[in-house]
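> Residue numbers (full-length UniProt numbering), protein chains in the order written: chain Y, 1 to 230; chain C, 1 to 230.
C-beta atoms are modelled at their ideal positions from N, C-alpha and C, and glycine is treated no differently.
Source: prediction; values computed, not measured.
Protein chains: 2
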Amino acid sequence: MNSRPWTAAEFEARLRAVPEHAYHDRHPFNVRMHEGTLTPEQIRGWILNRFHYQRHIPIKDAYVLAKLDTPELRRMWVRRIHDHDGRRPGEGGIERWLRLGEAAGLDRKELLSGEGVLPGVRLAVEGYVNLCRLGSPIEAVAASLTELSAPGLMRTRIDAFERHYTWISPDGLRYFQNRIFQGGQDSGEALTLVLQWARDRTDQEKAVAALAYKCDVLWSLLDAVDREYR
Amino acid sequence: MNSRPWTAAEFEARLRAVPEHAYHDRHPFNVRMHEGTLTPEQIRGWILNRFHYQRHIPIKDAYVLAKLDTPELRRMWVRRIHDHDGRRPGEGGIERWLRLGEAAGLDRKELLSGEGVLPGVRLAVEGYVNLCRLGSPIEAVAASLTELSAPGLMRTRIDAFERHYTWISPDGLRYFQNRIFQGGQDSGEALTLVLQWARDRTDQEKAVAALAYKCDVLWSLLDAVDREYR
Numbered sequence: 001m002n003s004r005p006w007t008a009a010e011f012e013a014r015l016r017a018v019p020e021h022a023y024h025d026r027h028p029f030n031v032r033m034h035e036g037t038l039t040p041e042q043i044r045g046w047i048l049n050r051f052h053y054q055r056h057i058p059i060k061d062a063y064v065l066a067k068l069d070t071p072e073l074r075r076m077w078v079r080r081i082h083d084h085d086g087r088r089p090g091e092g093g094i095e096r097w098l099r100l101g102e103a104a105g106l107d108r109k110e111l112l113s114g115e116g117v118l119p120g121v122r123l124a125v126e127g128y129v130n131l132c133r134l135g136s137p138i139e140a141v142a143a144s145l146t147e148l149s150a151p152g153l154m155r156t157r158i159d160a161f162e163r164h165y166t167w168i169s170p171d172g173l174r175y176f177q178n179r180i181f182q183g184g185q186d187s188g189e190a191l192t193l194v195l196q197w198a199r200d201r202t203d204q205e206k207a208v209a210a211l212a213y214k215c216d217v218l219w220s221l222l223d224a225v226d227r228e229y230r
Numbered sequence: 001m002n003s004r005p006w007t008a009a010e011f012e013a014r015l016r017a018v019p020e021h022a023y024h025d026r027h028p029f030n031v032r033m034h035e036g037t038l039t040p041e042q043i044r045g046w047i048l049n050r051f052h053y054q055r056h057i058p059i060k061d062a063y064v065l066a067k068l069d070t071p072e073l074r075r076m077w078v079r080r081i082h083d084h085d086g087r088r089p090g091e092g093g094i095e096r097w098l099r100l101g102e103a104a105g106l107d108r109k110e111l112l113s114g115e116g117v118l119p120g121v122r123l124a125v126e127g128y129v130n131l132c133r134l135g136s137p138i139e140a141v142a143a144s145l146t147e148l149s150a151p152g153l154m155r156t157r158i159d160a161f162e163r164h165y166t167w168i169s170p171d172g173l174r175y176f177q178n179r180i181f182q183g184g185q186d187s188g189e190a191l192t193l194v195l196q197w198a199r200d201r202t203d204q205e206k207a208v209a210a211l212a213y214k215c216d217v218l219w220s221l222l223d224a225v226d227r228e229y230r
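1) Thinking C-beta only, is Y:R174 closer than 8 Å to Y:R96?
2) CB C:L118 to CB C:V225, shorter than 8 Å?
3) Using a C-beta to C-beta distance shorter than 8 Å, which residues of chain Y count as neighbours of C:V125?
4) Given this structure, state the Cα-to-Cα distance separating C:A103 from C:G116, to the nearest angstrom.
5) Assuming contact is defined by CB atoms lying nearer than 8 Å, are Y:V121 and Y:K60 in contact in what I supplied?
6) Does the CB of C:V78 have a neighbour CB from chain Y at under 8 Å?
7) Strictly below 9 Å CB to CB, what residues from chain C border Y:Y53?
8) Quick one: residues in its chain with C-beta nearer than 8 Å to the C-beta of C:A212, no 5 flanking neighbours on either side, listed in chain order?
9) Strictly under 8 Å for the Cβ-Cβ distance: is Y:I138 near chain C by that measure?
10) Quick one: give me the first and last residue of the alpha helix (DSSP H) that Y:R220 is part of.
11) Does C:G188 come out as helix, strand or coil in the three-state DSSP assignment?
12) I believe C:P137 touches C:L68 by the beta-carbon criterion, under 8 Å. Please report the beta-carbon distance rounded to the nearest angstrom.
13) In whole angstroms, give me the CA-to-CA distance for Y:A150 and Y:D85.
14) Which whole-angstrom value is the C-beta distance of Y:G101 and Y:R108, which I expect to be below 8 Å?
15) Can you list the residues of chain Y that C:A62 reaches, using a CB-CB cut of under 7 Å?
16) Note down, in chain order, every chain C residue with its Cβ under 9 Å from the Cβ of Y:G86.
17) Measure how close the beta-carbons of C:T210 and C:A142 come, nearest whole angstrom, since I'm counting them as under 8 Å.
18) For the alpha helix (DSSP H) containing Y:T156, name the first residue and the last one.
19) Would you please verify whether the beta carbon of Y:I47 is less than 8 Å from any beta carbon of chain C?
20) Tell me which same chain residues have a C-beta within less than 7 Å of the C-beta of Y:P170, skipping the five on either side of it?
21) What residue range does the alpha helix (DSSP H) around C:E20 cover?
22) Which residues in the same chain as Y:L48 place their Cβ atom closer than 8 Å to its Cβ, once the five residues preceding and following it in sequence are excluded?
23) Skipping 5 residues on each side, what residues in its chain have a beta carbon closer than 8 Å to that of C:A179?
24) So, is C:F176 buried or exposed, given that buried needs 16 or more other C-beta atoms within 10 angstroms?
25) If you follow the alpha helix (DSSP H) that C:P89 is part of, which residue opens it and which one closes it?
26) Of the choices C:R16, C:R74, C:R55, C:A8, whose alpha-carbon is the least far from that of C:E147?
27) Cutting at 7 Å between CB atoms, please list the residues of its own chain near C:L131, excluding the five before and the five after it.
28) Any idea if C:R50 is buried or exposed, counting beta-carbon neighbours within 10 angstroms, 16 or more meaning buried?
29) Can you give me the Cβ contacts of C:V208 inside the same chain, cut-off strictly under 7 Å, excluding the 5 residues immediately before and after it?
30) Could one say the Cβ of Y:I92 lies closer than 8 Å to chain C's Cβ atoms, at least one of them?
31) Our contact map puts C:A190 next to Y:A62 with C-beta atoms below 8 Å; I'd like the distance itself, whole angstroms only.
32) Helix, strand or coil for Y:A198? Go by DSSP, reduced to three states.
33) Hey, is C:I43's beta-carbon within less than 8 Å of any beta-carbon in chain Y?
34) Taking the alpha-carbon positions, what's the C:T156 to Y:L222 distance?
35) Would you report the Cα separation of C:G183 and Y:V217, rounded to the nearest angstrom?
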C-alpha cells in the first residue's frame, strides 16, 4: 500500500487524464454527430434526452452549494446556478437549451413535460445528482471537472452543426457558444478547489474516482440515446 | 378522521397561529433582552451562539433550492442566499452579524472559529438544516414562515438596543434593520408557495408541524443560551 500523497502536479495530471480518456466526445453517438451523419430524428432524440440532464444542473449545484461552508466559496459557486437558471426570465442555459430544441423542431411543452426521457438517461442523471447530494465536497466538486474538456467539445459541436445540420437555425446554438467561456471559468475554479482540498492520497483517489464516475454518467446517457434512436 | 382540506383562509390562519403562540419573542431570554436587563456577557454569549444559526441559513436555503424544480422558483429563492452571503465581499447578513459581534466587543476570529457554541445550539441548528435537507419541499418552505413574525421582533430589538445597550454602536444594528424588509419579502413569498402546494389535509398538517418544529428550534437555541449565561 502506497499512501504517499501525489504532488499537486501529479494529482492534476491524474485528474486531467480522466476526461482525456473517458470523456463522451469519443462516444460513437457524438462521433457520428460531429461527422454529420445523424438524422433529424436522432438529433431531436438527443436534445430531448439531454434536456433532462440540463434541467438538473442547478439542482446538483444547489447540493454542492450546501456543502460549501463560507460565503466566499458560495458566492463563487452560486454563479453556476444563475448561468443555468438565468438572472431574469428568458435568460440562462436551460432557456437556451429549450430554444435549441425549438430550432430543431421540438415543442417547448414536450421538452418541459419530460415525456420520452429514457430510463437509462434518468438513471444516469439521478446518479450524478446523488453523487453531489451524498458525496464529500471533494467528490462533488471533482465530478464537475468534465468541464475541463467541455470548451473543446463545444467548439467541435458548433462547427459540426453549422456545417452539417443547417436545418437548425444558428440562433439555436447559443447554448454551446455560452458554454465555451462558462466551462473554462467553472473548471478553473473547481480544479483550484480540488487541488487545495485533497491533500492525502485517499482524498486524491476519491476525487479521480468521482471524475471517472461523472464521465460514466455522460457516456451512459449517450448509450441510452444511441440504443433507442438507431 | 377528518380529512377535509382546510380552505386557504383556514390554512393560513392555522399557519399564522403557530408563531403567534410559539415564536421565540416570548422566550424569557428575549423578554429580558428587550426589557434591557441582560448583562454585556449575556448579550455577547447570545451573539456568539446565534452566529452559529446565522452562518447555516444559506446552507439550509441551498437545500431548499435543490428541492425547487423550475428556474422561476429557484430565481426567487436564491435571493435569500445572496441576502446572507452578500453579492460582494463585505456585504450580506453573515458579515453584518460579524459586525454586530465586533460592536459588542467580540473578536471576528472567535466568532468564525465556532468555539464556545453550546451543544444545545448545535443540535437545534442541525435539526433545522436536516429538516430542509430531508423534508418535503412543503415542510422546508413552511419552516421558514417564522419570518412572518421576524419584522416585528426586529423593530422591538432595535428599539431595545438603542435604549438599553448603548455600549453597542448603532452601526452594529444593521443586521436587524435589513431583516425588517427582507423578512417581510421572504415570508410573503414562502406563504404563497405553501398555500399553493399544500392542497390536501395531510400536507397542510405537515406544513403546520414543520413551522411548529422551527419555532422549537429557535426556542431551544435560547434555552441553551439562557441556561449557560445565568
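Walking through what the data contain:
1) Position 96 of the first sequence, counted from the start, is the residue given in the question as residue 96 of chain Y. Position 174 of the first sequence, counted from the start, is the residue given in the question as residue 174 of chain Y. It is a contact, given that the beta carbons lie within the stated cut-off.
2) Taking the second sequence and counting its residues from 1, one reaches residue 118 of chain C at position 118. Taking the second sequence and counting its residues from 1, one reaches residue 225 of chain C at position 225. Result yes, Cβ atoms of C:L118 and C:V225 sit closer than 8 Å.
3) As a working mapping, residue 125 of chain C is identified with position 125 in the second sequence. Those do not exist, as C:V125 stays about 13 Å from chain Y at its closest Cβ, beyond 8 Å.
4) Within the second sequence, the letter at position 103 stands for residue 103 of chain C. Within the second sequence, the letter at position 116 stands for residue 116 of chain C. So the alpha carbons of these two residues sit roughly 19 Å apart.
5) In the first sequence, counting from the first residue as 1, residue 121 of chain Y sits at position 121. In the first sequence, counting from the first residue as 1, residue 60 of chain Y sits at position 60. No. Outside cutoff.
6) Counting from 1 along the second sequence, the entry for residue 78 of chain C is found at position 78. Yes, contact with chain Y.
7) Within the first sequence, residue 53 of chain Y is the residue found at index 53, counting from 1. Here the premise fails: no neighbours, minimum Cβ distance about 14 Å.
8) Residue 212 of chain C sits at position 212 when you count from the first residue of the second sequence. So the list reads V18, A22, once near-sequence residues are dropped.
9) As a first step, residue 138 of chain Y must be located in the first sequence, where it is residue number 138. Answer no: the Cβ-Cβ gap between Y:I138 and chain C never drops below 8 Å.
10) Stepping through the first sequence from its first residue, residue 220 of chain Y is reached at position 220. Residue 220 of chain Y is actually Ser in this sequence, not Arg. 201–228 is the extent of the alpha helix (DSSP H) around Y:S220.
11) As a working note, residue 188 of chain C is residue 188 in the second sequence. C:G188 falls in the helix class under three-state DSSP.
12) Translated into positions along the second sequence, residue 137 of chain C becomes position 137. Translated into positions along the second sequence, residue 68 of chain C becomes position 68. Contact flag correct, Cβ pair sits at about 7 Å.
13) In the first sequence, residue 150 of chain Y corresponds to position 150, counting from 1. In the first sequence, residue 85 of chain Y corresponds to position 85, counting from 1. The straight-line gap from Cα to Cα measures roughly 19 Å.
14) The sequence position of residue 101 of chain Y within the first sequence is 101, counting from 1. The sequence position of residue 108 of chain Y within the first sequence is 108, counting from 1. Contact holds; Cβ gap of about 7 Å.
15) Here the question's residue 62 of chain C lines up with position 62 in the second sequence. In chain order: A62, L65, A66.
16) Taking the first sequence and counting its residues from 1, one reaches residue 86 of chain Y at position 86. Simply P71, R75.
17) As a working mapping, residue 210 of chain C is identified with position 210 in the second sequence. As a working mapping, residue 142 of chain C is identified with position 142 in the second sequence. It should be pointed out that residue 210 of chain C corresponds to Ala in this sequence rather than to Thr. The Cβ separation is near 4 Å, so the contact holds.
18) As a position in the first sequence, residue 156 of chain Y is number 156, starting the count at 1. It spans 150–164 - the alpha helix (DSSP H) in which Y:T156 sits, taken as one unbroken run.
19) Taking the first sequence and counting its residues from 1, the one referred to as residue 47 of chain Y is at position 47. No, because no Cβ of chain C sits closer than 8 Å to the Cβ of Y:I47.
20) The sequence position of residue 170 of chain Y within the first sequence is 170, counting from 1. Counting only Cβ-Cβ distances below 7 Å, and skipping sequence neighbours, we find E162.
21) In the second sequence, residue 20 of chain C corresponds to position 20, counting from 1. Segment 8–22, the alpha helix (DSSP H) holding C:E20.
22) Counting from one through the first sequence, the residue named residue 48 of chain Y turns up at place 48. Excluding positions up to five away in sequence, the list reads G101, L106, E110, L111, G116, V117.
23) Taking the second sequence and counting its residues from 1, one reaches residue 179 of chain C at position 179. Reading off the sequence, residue 179 of chain C comes out as Arg, not Ala. The answer, listed in chain order, is G93, A150, P151, M154.
24) Walking along the second sequence from the start, residue 176 of chain C turns up at place 176. Counting Cβ neighbours within 10 Å, C:F176 comes out buried, since at least 16 surround it.
25) Here residue 89 of chain C refers to the residue found at position 89 of the second sequence. Per DSSP, C:P89 belongs to no alpha helix (DSSP H) and is neither H nor E.
26) Numbered from its first residue, the second sequence carries residue 147 of chain C at position 147. The shortest Cα separation from C:E147 among C:R16, C:R74, C:R55, C:A8 belongs to C:R16.
27) For the purposes of this step, residue 131 of chain C is taken as residue 131 along the second sequence, with counting starting at 1. So the qualifying residues of the chain are E139, A140, A143, A210, Y213.
28) Position 50 of the second sequence, counting from 1, holds the residue named residue 50 of chain C. Its Cβ being crowded by 16 or more others within 10 Å, C:R50 is buried.
29) If you number the second sequence from 1, residue 208 of chain C lands on position 208. Excluding positions up to five away in sequence, the list reads R14, L15, V18.
30) Within the first sequence, residue 92 of chain Y is the residue found at index 92, counting from 1. In the sequence on display, residue 92 of chain Y carries Gly and not Ile. Closer than 8 Å to some Cβ of chain C, the Cβ of Y:G92 qualifies, so yes.
31) Mapped onto the second sequence, residue 190 of chain C falls at position 190. Mapped onto the first sequence, residue 62 of chain Y falls at position 62. Between Y:A62 and C:A190 the Cβ distance is about 17 Å, and since that is not below 8 Å, they are no contact.
32) Position 198 of the first sequence holds residue 198 of chain Y. Three-state DSSP puts Y:A198 in coil, outside helix and strand.
33) To locate residue 43 of chain C, count along the second sequence from 1; it is residue 43. Closer than 8 Å: no.
34) As a first step, residue 156 of chain C must be located in the second sequence, where it is residue number 156. As a first step, residue 222 of chain Y must be located in the first sequence, where it is residue number 222. Using only the alpha carbons, I get a separation of about 59 Å.
35) Within the second sequence, numbered from 1, the residue matching residue 183 of chain C stands at position 183. Within the first sequence, numbered from 1, the residue matching residue 217 of chain Y stands at position 217. Rounded to whole angstroms, C:G183 to Y:V217 spans 41 Å at the Cα level.
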